[in-house]
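Have a look at the structure below, then the notes.
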Amino acid sequence: MARSEVRAPIFSGENYEFWRIKMVTIFKSFGLWKFVEKGIPASAGKLKGKIDEAEGSSASEDDEQMMESYMKDAKALGIIQGAVTDQIFPRIANAETAKEAWELLYKEFHGGDQGGFQKSQSEATLYTKTRGEKGILIAAIYVDDIVYTGNDDEMLHWFKADMMKRYEMTDLGLLHHFL
765 MARSEVRAPI
775 FSGENYEFWR
785 IKMVTIFKSF
795 GLWKFVEKGI
805 PASAGKLKGK
815 IDEAEGSSAS
825 EDDEQMMESY
835 MKDAKALGII
845 QGAVTDQIFP
855 RIANAETAKE
865 AWELLYKEFH
875 GGDQGGFQKS
885 QSEATLYTKT
895 RGEKGILIAA
905 IYVDDIVYTG
915 NDDEMLHWFK
925 ADMMKRYEMT
935 DLGLLHHFL
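Just so you know, the working numbering puts 832 at position 68 of the sequence shown, and the rest follows in order with no gaps.
The following block contains the structure:
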């Protein structure tokens with residue numbers, strides 16, 4: 765049987781929804797979608813670090829199925845890792861399963877028209893976006909002015925570059941006062 769090479773689209777942080785749809789199709793075509801969507805069975809997770817022990821020994825049928833699940837999950841994780849740019853990769857580098865990496869990307873980039881931002885329930889002009897447990901970007905939008913701040917330099921740079929690409933805008937520099 766000939767091996768087919770996966771040619772996954774590369775995700776750079778833009779057009780997440782299109783990329784996600786293409787990736788789901790790829791995972792389904794290789795029979796890997798259930799590992800991305802649902803994760804590996806709990807019993808297969810116990811195999812982590814024990815794969816070498818099973819080689820050469822007569823493993824039970826259950827062990828072989830668990831090993832196969834673990835290997836398919838690793839293949840799906842490898843596809844995800846190979847389908848992101850070097851700038852996106854560090855965000856999923858510590859993920860140990862395909863499901864974990866997929867959910868990290870979903871949490872950061874899914875968000876429909878709001879680009880992953882959450883609208884404040886108490887202030888109509890305030891939006892926040894978080895990355896992980898520490899990074900936050902806060903944007904206040906009023907008519908044709910955008911004031912933004914945060915504690916993650918990469919998120920701030922990304923936001924400014926994205927806004928300048930989407931809209932004709934001028935950066936007025938640091939904010940000195942806000943009413």
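Cβ coordinates follow ideal geometry from the N, Cα and C atoms, glycine included.
Suppose contacts are defined by Cβ-Cβ distances below 8 angstroms. Is residue i in contact with residue j by that definition?
i    : j    : result
A865 : L796 : no
Y780 : F853 : no
A847 : I774 : yes
F791 : K836 : no
I804 : T861 : yes
Q851 : G914 : no
According to DSSP, which residues form a beta bridge with residue i?
i    : result
Q882 : T892
V848 : F775
When burial is assigned at 16 or more other CB atoms within 10 Å of the CB, is residue i buried or exposed?
i    : result
R771 : exposed
F942 : exposed
S824 : exposed
M928 : exposed
I844 : buried
R833 : Arg is not the amino acid found at residue 833; the sequence shown has Ser there. Buried.
L938 : exposed
K802 : exposed
R930 : exposed
M787 : buried
I785 : exposed
Do we get a CB-CB distance below 8 angstroms when we pair residue i with the residues of chain D?
i    : result
P805 : Included in the structure is just one protein chain, with no chain D present.
Once the 5 residues before and after residue i are set aside, which same chain residues still bring their CB inside 6 angstroms of it?
i    : result
T892 : Q882, I902
S886 : none
L920 : G914
G876 : Its pLDDT being 46, under 50, G876 is placed unreliably in this model, and the value from its coordinates should be taken loosely. Cβ neighbours of G876 beyond the five flanking positions: none.
Take residue i and list the residues in its own chain whose beta-carbon comes closer than 8 angstroms to its own, dropping the five residues that flank it on each side.
i    : result
D935 : K924, M928
S916 : As written in the sequence, residue 916 is Asp, which differs from the Ser given in the question. Answer for D916: R895, K898, G899, I900, L901, listed in chain order.
Y728 : An answer regarding residue 728 cannot be provided, because it is not within the stretch 765 to 943 covered by the chain.
By Cβ distance below 7 angstroms, which residues in the same chain neighbour residue i in space, the five residues on each side in sequence not counted?
i    : result
A904 : T889, L890, V911
D908 : none
I'd like to confirm something about residue i: is its beta-carbon nearer than 7 angstroms to some heavy atom of the ligand ZN, or not?
i    : result
L936 : Although the ligand ZN was asked about, the structure shown includes no ligands whatsoever.
Whole runs of the beta strand (DSSP E) within the region 884–933, excluding any shorter than 3 residues: 890–895, 899–906, 909–914
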